[in-house]
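Top line first, the protein sequences correspond to chains A and B.
Everything in the first sequence is counted per numbering that gives the first Met the number 0, starting at 0 for the first residue and increasing by one.
Everything in the second sequence is counted per numbering that gives the first Met the number 0, starting at 0 for the first residue and increasing by one.
This report concerns only the one structure given below.
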Amino acid sequence: MNTFGPMWLSIQLALVTTAVLVVIGTPIAWWLSQTKLRFKPAVQAVVAMPIVLPPTVLGFYLLILLGPDGAVGSWWVQLTGSALTFSFTGLVIASCVYSLPFAVQPMQNAFESLPRQQLERAWTLGASRLDAFLSIAVPLSMRGFVSGIVLSFAHTLGEFGVVLMVGGNIPGETRVVSIAIYDHVESLNYAAAHQMSLLLIGFAFVVLAGMFVINRRWSER
Amino acid sequence: MIHLRHKLSKRDFVLDVDIQVPDTGITGVFGESGSGKTTLLRCIAGLEQEGGLPAHKRNIGYVFQEPGLFPHLTVRGNIEYGARRAAAQRIDRESVVDMLGIGDLLERKPDSLSGGESQRVAIAAALLRSPDLVLMDEPLASLDRKRKDELLPYFDRLHDELSVPVIYVSHDIEEISRLCDHLVLLDNGRVAASGDLLDVVSRVDVPVLSGRNAGVVLWATPVDHEDGLTKFNFGDGDIWVAGRFEATGTPLRLRIAANDVSIARDRPTSTTILNILCATVEEVHCVDTATALVRLRAGNQGLLARVTNRSVRRLGLKPGDQVFAQVKSVTVRH
Chain A
0 MNTFGPMWLS
10 IQLALVTTAV
20 LVVIGTPIAW
30 WLSQTKLRFK
40 PAVQAVVAMP
50 IVLPPTVLGF
60 YLLILLGPDG
70 AVGSWWVQLT
80 GSALTFSFTG
90 LVIASCVYSL
100 PFAVQPMQNA
110 FESLPRQQLE
120 RAWTLGASRL
130 DAFLSIAVPL
140 SMRGFVSGIV
150 LSFAHTLGEF
160 GVVLMVGGNI
170 PGETRVVSIA
180 IYDHVESLNY
190 AAAHQMSLLL
200 IGFAFVVLAG
210 MFVINRRWSE
220 R
Chain B
0 MIHLRHKLSK
10 RDFVLDVDIQ
20 VPDTGITGVF
30 GESGSGKTTL
40 LRCIAGLEQE
50 GGLPAHKRNI
60 GYVFQEPGLF
70 PHLTVRGNIE
80 YGARRAAAQR
90 IDRESVVDML
100 GIGDLLERKP
110 DSLSGGESQR
120 VAIAAALLRS
130 PDLVLMDEPL
140 ASLDRKRKDE
150 LLPYFDRLHD
160 ELSVPVIYVS
170 HDIEEISRLC
180 DHLVLLDNGR
190 VAASGDLLDV
200 VSRVDVPVLS
210 GRNAGVVLWA
220 TPVDHEDGLT
230 KFNFGDGDIW
240 VAGRFEATGT
250 PLRLRIAAND
260 VSIARDRPTS
270 TTILNILCAT
280 VEEVHCVDTA
290 TALVRLRAGN
300 QGLLARVTNR
310 SVRRLGLKPG
320 DQVFAQVKSV
330 TVRH
C-alpha cells in the first residue's frame with residue numbers, strides 16, 4: 000500500500016482547511032475582540048465547542064447536515080450534482096468546523112492584547128477602520144496568526160473521528176493518514192502502521208518546534 | 000474662530016460645551032481630573048460618540064498622553080504614516096523634523112527611544128498629517144520632571160513657529176500658563192470660564208482656579224542683571240528674578256502664583272523678599288473657611304495673593320486699601 004498517498008491527502012486537507020480558516024476566522028476573531036455586545040459569550044461558546052465535544056458528536060451532526068437530505072448537503076447536490084459526504088469538499092467543511100477554535104482563539108487573544116490607543120492613533124492619522132486593521136492590527140498580531148495557522152494545520156492533520164464519520168475511507172478522496180494507520184493496525188500490518196506513524200510524529204515535531212522557534216524570535220525582538 | 004459644540008452623557012457624567020476658541024495659537028483646557036477634559040478632546044476628534052464624521056475623515060491631529068508609537072515601524076515609518084494618508088501636504092517635513100529635533104532618530108525603532116523622544120515623534124506624526132487642528136491630551140503628564148523640562152522648549156517652538164491651532168489639555172496650571180494664549184476652564188463637564196489666558200487666570204471667582212492653582216501671568220522684559228538675578232520691567236514696575244535671562248528686548252512670560260504673594264500694611268524693611276510692590280486691593284474673595292484670594296493692582300498689573308481669612312480680618316483688608324505685595328517667587332518661560 001502507498002505510504003505517501005494518505006499522507007499527501009492529509010497535508011492537502013490541512014492546507015486547504017487552514018487557508019479557509021484564516022479567511023473566515025480572522026473576521027470572527029476581530030469581531031470577538033472588539034465587540035461589547037451581551038451575547039458575545041454565547042458566540043465564544045459556539046466557536047469553542049469543538050474543543051469539548053467528542054468528534055463523534057460533531058461528525059454525527061455534520062453527517063446529517065452535509066448528507067444528501069441535510070440542509071447544506073441537499074443544496075449542494077442541487078448546485079453540483081454530487082454529494083458532500085464522503086467527498087474531499089465535505090472533509091474540508093467538517094475540518095473547518097472542527098478546527099475553528101484553534102484558529103480563532105490565538106488570533107482573538109492577539110487582537111485583544113492590542114492597545115486600543117494604537118487603533119485610535121491610526122484613525123486620527125487618517126486611516127479608515129479597514130486600513131488601520133491591515134496596517135496596524137495585523138502586523139502587530141503576527142504571533143497570533145502564526146499560532147492560529149500552525150495549530151489549525153496540526154489539528155486538522157491529526158483529525159480522525161470527524162473524518163471517519165463524514166468522509167469514510169475512500170482511497171485518494173477521503174482516506175487521510177490517520178485513517179490509513181487505523182486500517183493498517185486493524186489488518187495487523189504493523190510495519191506500514193509504523194512507517195506512517197513515525198512519519199507523522201516527525202512531521203508534527205518539526206512543525207511545532209518551528210512554531211516555537213518563530214515565537215521565540217518574535218518575543219526577543 | 001473655532002466653534003466647539005459637544006454634548007455627551009456617560010453614566011453619571013455629562014459633558015456640555017458650546018464655545019468659540021481662536022483659530023490661531025494654543026488654547027489651553029484646564030480642569031481637575033474628571034472635569035471632562037479628555038472626553039472633550041475625544042469628542043472633537045470623533046473618538047467618543049458613535050455616529051458623526053469618523054475620526055479618519057476629520058483631519059484633526061491627536062497627541063495622546065502616552066506616545067503609543069507603532070512598534071513595528073521605524074520612526075520614519077511612524078511619522079510618514081499620517082503624511083501618506085493626508086489629503087494635502089501643507090506642512091513641510093524637514094521643518095517639523097528640525098523643529099522637534101528628531102532628525103537623528105529616523106531609522107530607530109520606537110522601543111529604543113526615551114519617553115521624551117517618543118512624544119516628540121508622536122507630535123511630528125500628528126503634525127505631518129497636515130491637520131486643521133491639533134489636539135494634545137496632557138502630552139507631558141507621563142514624563143518625569145527632568146524629561147518634562149527637556150521637552151518644554153520644543154513646545155515653546157511649536158507655539159512660536161506653528162501656524163496650526165492647538166488645543167492643549169492639562170491639569171498643570173504652570174504648563175498652561177507657559178504655553179497657552181487662550182484658556183478654557185472646565186468644571187464638571189461645563190465651561191466655567193473661557194477667554195484670553197492673562198484675563199482668565201487673574202479672575203478670583205472661578206472655583207477651579209481659586210485654590211493652589213491661582214496665579215497671574217504677565218509679560219515683562221529683562222532689562223538688567225545683578226548678583227545672578229535678572230531685573231524684569233513690566234511697565235509699571237520692576238521685578239527681580241533668580242537666574243540670568245538675556246536682555247534682548249523681547250518680553251517674556253512670567254507667572255506669579257497666588258501662594259507666593261503675601262500682603263503687608265506697612266512697607267516691610269527687614270525681609271528676605273526682594274520684590275515688594277505698592278498695590279491697591281481690588282477685591283477680597285473668600286475661597287473656603289480658612290483662605291481667601293485677594294486681587295491686587297500694582298500700577299496696571301493685576302496680582303493675586305492667597306491669604307488666610309484670619310489675616311484678612313487682622314489687617315482689615317477691603318477694596319481700595321493701599322498695601323504692599325511681597326512676591327516670593329516668579330516662574331519664567333525661557
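Don't be surprised by glycine CBs; every beta carbon is placed ideally from N, CA and C.
Item                                                                                                                         : Value
Span of the alpha helix (DSSP H), counted from its first residue to its last, around ASN108/A                                : 87 to 111
Rounded Cβ spacing between VAL165/A and LEU65/A (contact assumed at less than 8 Å)                                           : 6 Å
Within 8 Å, strictly: CB atoms of ARG189/B and VAL216/B                                                                      : no
Span of the beta strand (DSSP E), counted from its first residue to its last, around ASP136/B                                : 132 to 136
Length at least 4, wholly inside the region 114 to 168 of chain A: the alpha helix (DSSP H) runs in chain order              : 115 to 123, 128 to 131, 141 to 156, 160 to 166
Identity of the residue in ARG264/B, LYS9/B, VAL163/B, LEU39/B nearest GLU137/B by Cα                                        : LEU39/B
Interface residues of chain B facing SER112/A [CB-CB closer than 8 Å]                                                        : Ordered by position in chain B, no residue passes the 8 Å Cβ test against SER112/A, which lies about 12 Å from the chain.
Listed by chain order, chain A residues near ARG84/B by CB distance under 8 Å                                                : LEU124, GLY125, ALA126, ASP130
Within chain A, the residues that HIS71/B reaches when beta carbons sit closer than 7 Å                                      : PRO138, LEU139
Residue interval of the alpha helix (DSSP H) (run including VAL200/B)                                                        : 196 to 200
9 Å Cβ cut-off: residues of chain B touching VAL216/A                                                                        : It is worth fixing the name first, because residue 216/A is Arg in this sequence and not Val. Here the premise fails: no neighbours, minimum Cβ distance about 14 Å.
Own chain residues within Cβ distance below 7 Å of ARG305/B, not counting five before or after                               : ALA213, ALA257, ASN258, THR290, LEU292
Segment contact flag, the region 132 to 139 of chain A with the region 195 to 202 of chain A, C-beta cutoff 8 Å, min 3 pairs : no
PHE213/A: contacting residues in chain B (beta-carbon distance under 8 Å)                                                    : This sequence places Ile at residue 213/A; Phe is not what is there. Those do not exist, as ILE213/A stays about 16 Å from chain B at its closest Cβ, beyond 8 Å.
Assigned secondary structure, GLU281/B (DSSP; H/G/I helix, E/B strand, else coil)                                            : strand
Proximity of LEU61/A and VAL175/A at Cβ, strictly below 8 Å                                                                  : no
According to DSSP, residues forming a beta bridge with ARG4/B                                                                : ASP17/B
Residues from the region 75 to 102 of chain B in contact with chain A, defined by Cβ distance under 7 Å                      : TYR80, GLY81, ARG84, ALA85
Alpha carbon of ARG75/B to alpha carbon of GLY100/B, nearest angstrom                                                        : 13 Å
Meets three-Cβ-pair contact criterion under 8 Å: the region 62 to 75 of chain B and the region 111 to 127 of chain B         : yes
Neighbourhood of GLY2/B by C-beta distance below 6 Å, restricted to the same chain and skipping five residues each side      : Reading off the sequence, residue 2/B comes out as His, not Gly. Once the five neighbours on either side are set aside, the close Cβ partners of HIS2/B are GLN19.
Those residues which DSSP pairs with PRO221/B across a bridge                                                                : PHE231/B
Same chain, Cβ closer than 7 Å to GLY157/A, neighbours up to 5 away in sequence not counted                                  : SER177
PRO250/B versus VAL222/B: straight-line alpha-carbon distance, rounded                                                       : 10 Å
Counted within 10 angstroms of its Cβ, other Cβ atoms place ILE23/A as buried (16 or more) or exposed                        : exposed
Proximity test, Cβ basis, 8 Å: GLN33/A and chain B                                                                           : no
Cβ-heavy atom distance, ASP226/B to the ligand SAH, below 7 Å                                                                : Summarising the ligand content, the structure contains no ligands, and the ligand SAH is consequently not present.
Cutoff 7 Å; reference LEU99/A; Cβ partners in own chain excluding five residues on either side                               : LEU20, GLY24, VAL46, PRO49
Bridge-paired residues (DSSP) for GLY301/B                                                                                   : ARG296/B
The alpha helix (DSSP H) enclosing GLY115/B, as first and last residue numbers                                               : 114 to 126
Spatial neighbours of VAL337/B in its chain, beta-carbon cut-off 7 Å, leaving aside the 5 residues before and after          : Look at the range of chain B in this structure, 0 to 333, and you will see that residue 337/B is not part of it.
Of the residues ARG92/B, LEU302/B, THR73/B, LYS147/B, the one placed nearest VAL200/B, counting alpha carbons only           : LEU302/B
Which listed residue (ASP171/B, GLY60/B, LEU7/B) has its alpha carbon closest to that of LEU126/B                            : GLY60/B
Interface partners of ARG142/A on chain B, CB under 9 Å                                                                      : Going along chain B, no residue has its Cβ under 9 Å from ARG142/A, so there is no contact; the nearest lies around 12 Å.
Residue nearest to LYS327/B in terms of C-alpha spacing, selected from LEU14/B, ALA246/B, PRO318/B, ALA241/B                 : ALA241/B
Contact list for ARG37/A against chain B, beta-carbon separation under 9 Å                                                   : Simply none; closest approach about 17 Å.
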